[in-house]
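Chains as they are written, first to last, in my numbering: chain A, 1 to 382; chain B, 1 to 252. Cβ coordinates follow ideal geometry from the N, Cα and C atoms, glycine included.
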Amino acid sequence: MKSKVFNIFKKEIREMFRDKKSLMMMLVIPIMIPLLVLGMSALFDSEVNKSQDEYNKIGFNYAFSDVEKKIAKEAGIKVVYKDSHALKKMYDDEQIDLYVERDGDKYIINGEDNDTTAYASALVENYFSIYKEYLQTQYLANNNINPNEVVNIIKIEENIVEKDNFYASYITNYAFLFIIMAITVSATYPATDTTAGEKERGTLETLLTFPISSKDIIVGKFLSVSISSIITGVISLLLTIVSLAMAGEMFEIYDGVNLMLSTNSLLFASIVIISYSFLISGLCIAIASTTKTFKEASSALMPLTFISFFPGMIAFMMDIKTNTLYSLIPFLNCSLIFTDITNGGVNFFHIFLMILSTIVVIWIVLYIIIRQYKSEKVLFSK
Amino acid sequence: MLKVKGVKKEFLKLNSKKKEELFLANNNISFQAKDGEIVGILGPNGAGKTTLLRIVAGILEPTSGSVLFDDFNYLNNEIEIKKNIAYLSGNTKIYHSITTYELLKMCCEIYEVDRDKIGERIQEVSTILDLNDFLYNKIGNLSTGQMQRVNIARCLVHDPKYYILDEATSGLDIISSQIILDFIKSEKKHGKTILYSTHYMEEAENICDHVIMVNKGSIIKEGSPIKIKKDTNTTNLRDAFFALIGGVDNEE
């Protein structure tokens, strides 16, 4: 039996590695990961370390006193004086980043809700805070009251420790979610080709005349698709590590953060990749086997790409933690354990449950396909 | 000896209103083929020949009835039976991305040809079917005729006892068809049992020892070509077939 499975496996692998499309799916998709990691890191970095020149041109509809000019200069504001109408036009033309209108003692900060306005608004609020403190201090001094006894009546010190670097956590989680998606996409093509594709090409009939049981045929095909997925997963993991290392060196947002995974984490990540590859290959083979044409199989497998990605993304956004129940839920368990690995908090029991759940799902889907593999509805496209 | 006993095959088929309905492809088919005999299954397109041969080849399971090869059936001996069968149809395709040599080697391994004799057997078959010029070429790059020779080689490589050939010459040019007919005659001489379906009545008349005529899923007549012609008082199998079904309008 083993040798028959191996014969089918060898045939499938040979065909897969000689098919340009299969190779493309297997090798090219992981290349997206460095683009994602470096691209997103560059985006975050440019947002966080935005140059003040990009948001400090502030319009005012009144003339500044010398004190106001000095505070504005110290706050880094480039002041533009115009009437309200002209300021609005300049703002609309993106010549200024925000504008302030004065109506007696009331100052109105005008702008639209966007990133630049948010930075400019913070700058203006800081300016008014200093200016307000100056006015209060002056008033108290003029009334022979020591300003320090009123203004600085309490002292506030911030001691908030940042447990995780937000950006590092974000980028590693998304990189690992993308590995899962890459494995899924990579599994769909060979699974389609080896099942619906074989029906369409008319070679399935040849295969079924060989002295090989349906079980051996399915297991051989399943193993070959799994190998393709594992290759994609391993390449994706290596490229993730390389791109995280590069991002750590290139971008200030990761300063003081170690983006590299430990040897143990790499080992566990590989276990998740292998487990997930088997799971998704089994599901892809099961779904594609019930279809009769390549096109039909591609459509049927499309939702799997989203199903593979969404549980992990939602879990990350809602900060869901791994527990016994979640470790048993396919797709979600892999994403959650990946997150645990990147946080350095791996639980062996959860990994065991994930593997157990994967084995049960694979066993069920393969059992169903093997049983229905002699049905003419499944076998023949016409 | 091959024995087909009361084979019936029903499956769901979409009707003209795109609704599924039960379709009777084969109805209570029984016959036998002796060792060294060429048995022709004759009938028009849609008569149920392909379904019947797929059941005999173990690709499909019958709804009822059984197929026995030397008193062994598929339920208990599927793998052993398939080791002694070669199935070739007009629709049978082979893998385009591998070479002829790789295909034949794979077949030898699957049919458990003695590992030490695989090279020798491939060489032997290649010489018989004149494959040496393209033995290491990818099958996808071969001509239709060459591909058909490779397909025959695939069937021959494990030296089977039974050949199941379904419309094997359908759509082929005269030279490629002749290669297959010569191959059938040569295997008969080696004592092989051949089940040969075709809708070319003249072809069957020339090579078959025994003929089974089917229409609308049922056997309408069987016997030697001479006996069928005599019983129907006709001079060829084509006329005999029409005489049996009562004219062209009753053809499926």
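{"query": "Under 8 Å, Cβ to Cβ, is there at least one residue of chain B near Pro211 (chain A)?", "result": "yes"}
{"query": "Between which residues of its own chain and Ala25 (chain B) is the CB-CB distance below 6 Å, once the five residues before and five after are set aside?", "result": "Lys9, Gly48, Thr51 and Gly217"}
{"query": "Looking at the strands, I want to know which residues DSSP matches up with Gln32 (chain B).", "result": "B:Lys3"}
{"query": "Between A:Tyr55, A:Lys69 and A:Asp255, which has its C-alpha nearest Ala168 (chain A)'s C-alpha?", "result": "A:Asp255"}
{"query": "Over the uninterrupted alpha helix (DSSP H) stretch that includes Ser51 (chain A), give me the two end residues.", "result": "Where Ser51 (chain A) is concerned, there is no enclosing alpha helix (DSSP H), given that its DSSP letter is neither H nor E."}
{"query": "Given 8 Å as the limit, is there contact between the segment 296-305 of chain A and the segment 184-197 of chain A, that is, 3 or more CB pairs closer than that?", "result": "yes"}
{"query": "Going by other Cβ atoms of all chains shown within 10 Å of its Cβ, with 16 needed for buried, is Asp66 (chain A) buried or exposed?", "result": "exposed"}
{"query": "Could you work out which residue in A:Ile154, A:Phe348, A:Gln372 and A:Arg102 is closest to Ala269 (chain A) when comparing CA atoms only?", "result": "A:Phe348"}
{"query": "Taking the straight line between their C-alpha atoms, what separation do you get for Ser16 (chain B) and Gln123 (chain B)?", "result": "51 Å"}
{"query": "Within 8 Å (strictly less), CB to CB, does Glu251 (chain B) reach chain A?", "result": "With a pLDDT of only 48 at Glu251 (chain B), under the threshold of 50, the placement of this residue in the model should not be trusted; the figure read from the coordinates follows. No, its Cβ sits nowhere closer than 8 Å to a Cβ of chain A."}
{"query": "Which term fits Asp166 (chain B), buried or exposed, when burial requires 16 or more other beta carbons within 10 angstroms of its beta carbon?", "result": "buried"}
{"query": "Could you list the residues in the segment 150-164 of chain B with a C-beta less than 7 Å from some C-beta on chain A, going in chain order?", "result": "none"}
{"query": "Compute the Euclidean distance between the alpha carbons of Glu252 (chain B) and Phe241 (chain B), then round it to the nearest angstrom.", "result": "Residue confidence for Glu252 (chain B) is low, a pLDDT of 46 falling below 50, so the modelled location carries little weight; the figure read from the coordinates is stated next. For Glu252 (chain B) and Phe241 (chain B), the distance between alpha carbons rounds to 12 Å."}
{"query": "Is there a Cβ of chain B sitting closer than 8 Å to that of Arg14 (chain A), yes or no?", "result": "yes"}
{"query": "Relative to the C-alpha of Tyr174 (chain A), which candidate in A:Phe309, A:Leu123, A:Glu15 and A:Lys321 has its C-alpha closest?", "result": "A:Phe309"}
{"query": "With 8 Å as the threshold, decide whether the Cβ of Tyr367 (chain A) is near any Cβ in chain B.", "result": "no"}
{"query": "Does chain B have any CB closer than 8 Å to the CB of Leu336 (chain A)?", "result": "no"}
{"query": "Can you give me the start and stop residues for the beta strand (DSSP E) that Gly223 (chain B) sits inside?", "result": "Ser218 to Gly223"}
{"query": "I'd like the list of long-range same chain contacts for Leu75 (chain B), defined as Cβ closer than 6 Å, with 5 residues on each side in sequence excluded.", "result": "none"}
{"query": "So, is Gly119 (chain B) buried or exposed, given that buried needs 16 or more other C-beta atoms within 10 angstroms?", "result": "exposed"}
{"query": "Give the residues of chain A in contact with Ile256 (chain B), contact being defined as C-beta atoms less than 9 Å apart.", "result": "Summary: the structure shown does not reach residue 256 (chain B), with chain B confined to residues 1 through 252, and so no result is reported for it."}
{"query": "So what's Met318 (chain A) in DSSP terms, helix, strand or just coil?", "result": "coil"}
{"query": "Give a yes or no on contact between the segment 60-70 of chain B and the segment 133-153 of chain B, applying the rule of three or more CB pairs nearer than 8 Å.", "result": "no"}
{"query": "Measuring alpha carbon to alpha carbon, tell me which of B:Lys3, B:Tyr162, B:Glu187 and B:Ser170 ends up nearest Leu129 (chain B).", "result": "B:Glu187"}
{"query": "Among B:Tyr162, B:Ile85, B:Ser176 and B:Met106, whose alpha-carbon lies nearest the alpha-carbon of Ile307 (chain B)?", "result": "This structure leaves residue 307 (chain B) out entirely; chain B is present only between 1 and 252."}
{"query": "What residue from A:Leu244, A:Thr339 and A:Leu325 has the CA that sits closest to Phe316 (chain A)'s CA?", "result": "A:Thr339"}
{"query": "Check the Cβ of Gly202 (chain A) against every Cβ in chain B and list those closer than 8 Å, keeping chain order.", "result": "Asn91, Thr92 and Lys93"}
{"query": "Using a Cβ-Cβ cut-off of 8 Å, state whether Glu296 (chain A) counts as contacting chain B.", "result": "no"}
{"query": "Are the CB atoms of Met26 (chain A) and Ser228 (chain A) nearer to each other than 8 Å?", "result": "yes"}
{"query": "List the endpoints of the continuous beta strand (DSSP E) containing Met213 (chain B).", "result": "His210 to Asn215"}
{"query": "Beta carbons nearer than 9 Å to chain A: which residues of the segment 56-67 of chain B have them?", "result": "Ala57, Gly58, Ile59, Leu60 and Glu61"}
{"query": "Excluding five sequence neighbours on each side, which residues of the same chain lie with their C-beta closer than 8 Å to the C-beta of Glu68 (chain A)?", "result": "Tyr131"}
{"query": "Please go through the same chain and pick out, in chain order, the residues whose beta-carbon is closer than 6 Å to the beta-carbon of Lys382 (chain A), but skip the five residues on each side of it.", "result": "For Lys382 (chain A), the predicted structure reports a pLDDT of 49, less than 50, and the residue's modelled location is therefore unreliable. A value from the coordinates is still provided. So the list is empty, once near-sequence residues are dropped."}
{"query": "Using a Cβ-Cβ cut-off of 7 Å (strictly less than) and excluding sequence neighbours within five positions of Ala196 (chain A), which residues of its own chain qualify?", "result": "Ala288, Thr291, Lys292, Thr293, Phe294, Glu296 and Ala297"}
{"query": "Look at Val361 (chain A) and Leu279 (chain A) and say whether their C-beta atoms are less than 8 Å apart.", "result": "yes"}
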